[in-house]
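Asker:
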């Protein structure tokens, strides 16, 4: 079973671990487009077996190649042995943090972005299916982790891809993947979702598998509402893609509620009608998880919200 991310306050005591490696990690620093839906269709994503390990900043990493469609594959890089990192985080005050995009009580961001999650598979496929809405645009991947959706947007011809995460290690993995693929249109940015900093401006906002507890889901919703409102105030438009394969109780509801509350009152009714969760089924997903490091292949139900901006003629 793909190891689920813990909810707020969940703690697991583990033997004391050395923090040396963790300290090192922390310093690494037009016209409407036609939207194509894959609602209710089986999503087949082939994942090539991991090949030989590589070394990045003294740490072992592994490539994972995802064939999004028959003629297009994307390779991301994961931490080869994330378990020790996760157990250390869960054994201390860091486990009180509400999510991967904020440091919380401790000095270490939570480590869940160092492996690939099913929601990123779904986001990559949806971007590919709607590539006309990506080509030539600025794409912002929030909580990008290993960056499958960011690299996919770059491969599809986005003019600029901004990949944000709080984790220096996740961003280092993402940069490594972009450099290996020769994708000069990808840039990384350290970003704390719970800070007062404004989101970078973009034409497309992608959030994959960030709703794994209600507090984090609500903050993601607020940020998406903020981005939609800012775009409207600037006289521009914003496309939104949110995926969720974790399906923790209350996450999707908290996200949608917070998003709508951060939109102008006059537009909430129309937005509520447009922002509906759609269900799909992902088949034969291969991944290692964070506590079980051996590859597993499994099916998973997932949901997504997708809203492509309508440009003024």
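In the numbering used here, the protein residues as written are 4 to 316.
The beta-carbon is built from N, C-alpha and C at its ideal position, and this holds for glycine as well.
Owing to the predicted nature of the structure, the values given are computational and were not obtained by experimental measurement.
1. Which whole-angstrom value is the C-beta distance of residue 141 and residue 162, which I expect to be below 8 Å?
2. Counting pairs of Cβ atoms below 8 Å between the region 191 to 205 and the region 228 to 241, do you hit three or more?
3. Indicate whether residue 242 and residue 208 have their beta-carbon atoms separated by less than 9 Å.
4. Which same chain residues, not among the five before or five after residue 144, have their C-beta less than 6 Å away from its C-beta?
5. Keeping to the same chain, check which residues put their C-beta closer than 6 Å to that of residue 176; ignore five residues upstream and five downstream.
6. Does the region 262 to 272 come within contact of the region 287 to 304, defined as at least 3 CB pairs closer than 8 Å?
7. Taking the DSSP output, what are the residues bridged to residue 193?
8. So is residue 61 buried or exposed if we call it buried at 16+ other beta carbons inside 10 Å?
9. Using DSSP's beta-bridge definition, name the partner residues of residue 245.
10. Counting only the same chain and skipping the five closest in sequence on each side, list residues whose C-beta sits under 8 Å from that of residue 160.
11. Only counting the same chain, and skipping five residues up and downstream in sequence, which positions put a Cβ closer than 6 Å to that of residue 127?
12. Could you tell me the alpha carbon to alpha carbon distance between residue 226 and residue 199, rounded to whole angstroms?
13. Can you check whether the CB of residue 283 is closer than 9 Å to the CB of residue 307?
14. Which residues mark the beginning and the end of the alpha helix (DSSP H) in which residue 224 is found?
15. How many Å lie between residue 303 and residue 252 at the Cα?
Answerer: So, to answer that:
1. 6 Å
2. yes
3. yes
4. 152, 153, 166, 209
5. 80, 149
6. no
7. 168
8. exposed
9. 210, 308
10. 134, 137, 138, 139
11. 71, 151, 152, 155
12. 11 Å
13. yes
14. 217 to 236
15. 16 Å
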